[in-house]
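Following: one structure in structure tokens, then a few remarks.
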Amino acid sequence: MEQGLSIRPARARFSDDATDLALLERIAHGDRHALRQLYTTYYHPLLRFIYRITGRLELAQEGVNDVMLVVWRNSRSFGGRSSVSTWIMGIGYRKALKLLAASRRWTDRFSAAPYDELIERSDALAEQSDDRDLRDLLDAALRHLSAEHRAVVELTYFYGCSYEEIATIAACPVNTVKTRMFHARAKLKKVLPSLGKDMP
Amino acid sequence: MTGSAPLPHSRAFELLPWLVNGTLGEAEREAVEEHARACITCRRELKDQQQLHAALRARRTADVSAEGGFERLDRELNGPKPPARARYATAARFGIAAAAGLAVLAVLLWFTPLPELGASQYSTLATAPAESAALVDIIFADDTTAAEMQQLLDDIDGEIVAGPSRLGRYSVRVTGARADAAKVGELIASLSTDRRVRFAGRTLTGAAP
């Protein structure tokens with residue numbers, strides 16, 4: 000095999016399902032210490048995920064507590080059809096979309112820079128390869144994706160989720176996940192100078 | 000070689016992100032890798048996706064302590080008041096009862112004089128209520144779309160001046176004929192039966208935004 004195809008990254012997991020299940024069991028019996036443990040484990044993953052969807056830290060902080068309140072109240076109804084992390088991230092996904100919809104009427108943060116303008120900036124940056132600028136550009140490019148597309152990119156590349164897990168989190172068919180990722184990649188490719196030009 | 004039928008280019012191409020993050024099943028991974036070995040487009044795309052993967056993973060997460068967040072949650076679970084959603088469910092029932100003229104308590108809750116809204120009480124997003132304006136609290140139904148929200152606001156000559164609160168409550172300034180003190184009760188009764196609305200009530204004095 001060619002060296003460029005040897006891709007076996009360790010999956011980015013922030014929790015262990017057996018531990019999560021044990022905590023959930025204790026939470027179902029009203030154990031507040033277990034809730035604190037689970038809260039601490041999921042605080043930053045959820046905060047980042049909801050922030051990436053909503054673009055607002057205060058909404059993300061609010062969203063984390065909303066999610067954990069649902070976990071506290073519904074721990075008995077967890078059916079084990081997915082991992083605990085997939086279940087919790089699914090709650091987070093729905094909360095994030097709801098918070099975003101509620102805030103969108105007067106928050107136009109995501110259209111701060113026109114898409115065409117971003118592409119022009121990316122052309123200028125292509126010759127500079129300044130990491131910080133590229134990170135800013137990546138953030139801006141991601142904000143120009145729909146929330147659903149952004150979530151798929153984030154879940155794939157930051158959280159290391161399989162497309163099946165993402166389908167469960169987003170409550171959609173796996174083909175929808177693949178299609179969202181395909182369109183997200185195409186749009187990011189136009190903006191990010193380091194990404195190539197080939198699309199099928 | 001996998002021994003199975005070659006993967007079409009379009010299928011291999013769409014699976015590349017999950018080859019990069021290492022979550023493809025063994026057979027699917029082998030099939031994508033086999034295709035990529037012979038496909039320059041996929042090899043280039045693979046490199047791009049590896050860069051995107053690295054760039055996304057390099058982005059920092061907000062440096063915010065979980066402690067403060069848990070303390071807020073703990074207070075909510077410990078507090079003397081019932082959970083916020085339960086409070087609103089109760090209030091909504093009172094609002095509907097008041098609309099039907101059935102509950103004295105509902106009258107006490109909802110037909111108190113309108114508060115003067117100070118800047119410290121509301122994160123006002125528009126100008127202060129004009130004369131002959133009334134403030135109404137609305138929580139929209141979960142499945143209400145932004146377009147439906149806007150249509151409802153148009154229907155009642157309403158404008159959102161604050162919110163949403165953590166519970167999704169908006170303070171809506173209503174102007175025109177519906178803002179008349181005698182009409183606000185009718186408006187709330189009407190909103191309470193609207194499928195787009197989960198809860199409607201008169202804005203309460205001192206309510207947190």
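From first to last, the protein sequence lines stand for chains D and X. Under numbering that gives the first Met the number 0, the first residue of the first sequence carries the number 0, and numbering increases by one thereafter. Under numbering that gives the first Met the number 0, the first residue of the second sequence carries the number 0, and numbering increases by one thereafter. Backbone N, C-alpha and C define an ideal beta-carbon position, used for all residues, glycine too.
Tell me which residue opens and which closes the beta strand (DSSP E) that X:G200 is part of. In the second sequence, the residue the question calls residue 200 of chain X occupies position 201. Its beta strand (DSSP E) spans residues 196–201.
Name, please, each residue of chain X whose Cβ falls closer than 7 Å to the Cβ of D:F157. In the first sequence, residue 157 of chain D corresponds to position 158, counting from 1. Near D:F157 (Cβ distances below 7 Å), the residues of chain X are L55, R56.
Does D:R35 come within less than 8 Å of chain X when only Cβ atoms are used? Mapped onto the first sequence, residue 35 of chain D falls at position 36. It does; some Cβ of chain X falls within 8 Å.
Chain-ordered chain X contacts of D:Y42 [CB-CB under 7 Å]: The residue you call residue 42 of chain D lines up with position 43 of the first sequence. Neighbours of D:Y42 on chain X, chain order: A65, G68.
Quick one: grab the DSSP three-state call for X:S170. In the second sequence, the residue the question calls residue 170 of chain X occupies position 171. Residue state, collapsed to three classes: strand.
Would you call X:N77 buried or exposed, if buried means 16 or more other Cβ atoms sit within 10 Å of its Cβ? For the purposes of this step, residue 77 of chain X is taken as the residue at position 78 of the second sequence. Its Cβ having fewer than 16 others within 10 Å, X:N77 is exposed.
Strictly under 8 Å for the Cβ-Cβ distance: is D:D197 near chain X by that measure? Within the first sequence, numbered from 1, the residue matching residue 197 of chain D stands at position 198. Because D:D197 carries a pLDDT of 43, less than 50, the predicted location of this residue cannot be relied on, and no value is offered for it.
Going by beta carbon distance, what residues of the same chain come within less than 7 Å of X:P163, once the five residues before and after it are set aside? Against the second sequence, residue 163 of chain X aligns to sequence position 164. Hits under 7 Å: Y169.
D:F77 by DSSP, collapsed to three states: which one? Reading the first sequence from its first residue, position 78 is the one you call residue 77 of chain D. D:F77: coil per DSSP, three-state reduction.
Terminal residues of the continuous beta strand (DSSP E) containing X:A161? Residue mapping note: residue 161 of chain X aligns to position 162 of the second sequence, counting from 1. Note, X:A161: beta strand (DSSP E), 157–161.
Could you check the C-alpha separation between X:A65 and D:T39 for me, to the nearest Å? Residue mapping note: residue 65 of chain X aligns to position 66 of the second sequence, counting from 1. Residue mapping note: residue 39 of chain D aligns to position 40 of the first sequence, counting from 1. The alpha-carbon atoms of X:A65 and D:T39 are separated by roughly 6 Å.
Helix, strand or coil at D:D135 according to DSSP, with G and I counted as helix: Locating residue 135 of chain D in the first sequence gives position 136, where the first residue counts as 1. Helix at D:D135.
Could you tell me whether any Cβ in chain D is nearer than 8 Å to the Cβ of X:G200? Here residue 200 of chain X refers to the residue found at position 201 of the second sequence. Not closer than 8 Å to any Cβ of chain D, the Cβ of X:G200 fails to qualify, so no.
Identify the continuous alpha helix (DSSP H) that holds X:L45 and give its terminal residues. Sequence index remark: in the second sequence, residue 45 of chain X carries index 46 (1-based). 39–57 is the extent of the alpha helix (DSSP H) around X:L45.
CA-CA distance, D:G62 and X:A11? Counting from one through the first sequence, the residue named residue 62 of chain D turns up at place 63. Counting from one through the second sequence, the residue named residue 11 of chain X turns up at place 12. So the two alpha carbons sit approximately 36 Å from each other.
Can you list the residues of chain D that X:G157 reaches, using a CB-CB cut of under 7 Å? Locating residue 157 of chain X in the second sequence gives position 158, counting from the first residue. None at all; the shortest Cβ gap to chain D is about 12 Å.
Residue environment, D:H32, which counts as buried when at least 16 other CB atoms sit within 10 Å: Taking the first sequence and counting its residues from 1, the one referred to as residue 32 of chain D is at position 33. Exposed: under 16 other Cβ atoms inside 10 Å.
For D:W71, collect the residues of the same chain with a Cβ closer than 8 Å to its Cβ; drop the 5 residues on either side in sequence, then sort them by chain order. Your numbering for residue 71 of chain D matches position 72 in the first sequence. Cβ neighbours of D:W71 beyond the five flanking positions: I26, L34.
Quick one: what does DSSP say D:F13 is sitting in, helix, strand or coil? Walking along the first sequence from the start, residue 13 of chain D turns up at place 14. In the structure shown, D:F13 sits in coil (DSSP, three-state: anything other than H, G, I, E or B).
Along the segment 11–37 of chain X, where does the CB come closer than 7 Å to a CB of chain D? Name the residues. F12, E13, P16, W17, L18, V19, N20, G21, T22, E32, A35, R36
Cβ separation of D:N64 and X:L72, assumed to be a contact under 8 Å, to the nearest whole Å: Position 65 of the first sequence, counting from 1, holds the residue named residue 64 of chain D. Position 73 of the second sequence, counting from 1, holds the residue named residue 72 of chain X. That belief holds up - the Cβ atoms of D:N64 and X:L72 are roughly 5 Å apart, short of 8 Å.
If we cut at 8 Å on Cβ distances, does D:K161 have a partner in chain X? If you number the first sequence from 1, residue 161 of chain D lands on position 162. In the sequence as displayed, the identity of residue 161 of chain D is Ser instead of Lys. Yes, its Cβ sits closer than 8 Å to a Cβ of chain X.
Determine, using beta carbons only, whether D:I90 and D:V69 come nearer to each other than 8 Å. On the first sequence, residue 90 of chain D is found 91 positions in, with the first residue counted as 1. On the first sequence, residue 69 of chain D is found 70 positions in, with the first residue counted as 1. Cβ atoms of D:I90 and D:V69: closer than 8 Å.
Alpha carbons only, please: which of X:L190, X:N20, X:P5, X:R28 is nearest the one belonging to D:I165? The residue you call residue 165 of chain D lines up with position 166 of the first sequence. If we check each option's Cα against that of D:I165, X:N20 comes out closest.
In the DSSP assignment, the alpha helix (DSSP H) including D:A101 goes from what residue to what residue? Looking up residue 101 of chain D in the first sequence gives position 102. Residues 83–103.
Leaving aside the five residues before and after D:C160 along the sequence, list all residues of the same chain whose C-beta is less than 6 Å from its C-beta, in chain order. Counting from 1 along the first sequence, the entry for residue 160 of chain D is found at position 161. Closer than 6 Å at Cβ, skipping near neighbours: L154.
CB-CB under 7 Å to X:P209, same chain, minus the five flanking residues each way: which ones, in chain order? Here chain X covers residues 0 to 208 and nothing more, so residue 209 of chain X does not appear.
How should X:S9 be labelled, buried or exposed, when 16 other C-beta atoms within 10 angstroms of its C-beta is the threshold for buried? Here residue 9 of chain X refers to the residue found at position 10 when the second sequence is read from its first residue. Exposed: under 16 other Cβ atoms inside 10 Å.
X:I159 versus X:L190 - alpha carbon distance: For the purposes of this step, residue 159 of chain X is taken as the residue at position 160 of the second sequence. For the purposes of this step, residue 190 of chain X is taken as the residue at position 191 of the second sequence. For X:I159 and X:L190, the distance between alpha carbons rounds to 15 Å.
Look at the Cβ atom of D:S60, then the Cβ atom of X:G68, and state whether they are nearer than 8 Å. Against the first sequence, residue 60 of chain D aligns to sequence position 61. Against the second sequence, residue 68 of chain X aligns to sequence position 69. The question names Ser, but residue 60 of chain D is Gln in the sequence shown. In this structure, X:G68 lies closer than 8 Å to D:Q60 by Cβ.
Any Cβ of chain X within less than 8 Å of the Cβ of D:A150? The count along the first sequence starts at 1 and reaches residue 150 of chain D at position 151. Closer than 8 Å: no.
Measuring only the C-alpha atoms, how far is X:A57 from X:Q50? Numbered from 1 along the second sequence, position 58 holds the residue referred to as residue 57 of chain X. Numbered from 1 along the second sequence, position 51 holds the residue referred to as residue 50 of chain X. Roughly 10 Å separates the two Cα atoms.
Give me the Cβ distance between X:E27 and D:F181, rounded to the nearest whole Å; I'm assuming they're in contact under 8 Å. For this step, residue 27 of chain X is matched to residue 28 along the second sequence. For this step, residue 181 of chain D is matched to residue 182 along the first sequence. Contact doesn't hold; Cβ gap of about 16 Å is too wide.
With 16 as the cutoff for other CB atoms within 10 Å, does D:H28 come out buried or exposed? As a working mapping, residue 28 of chain D is identified with position 29 in the first sequence. Flag for D:H28 reads exposed.
Inter-residue Cα distance where the pair is X:A176 and X:K182: Position 177 of the second sequence holds residue 176 of chain X. Position 183 of the second sequence holds residue 182 of chain X. Straight-line Cα distance between these residues: approximately 8 Å.
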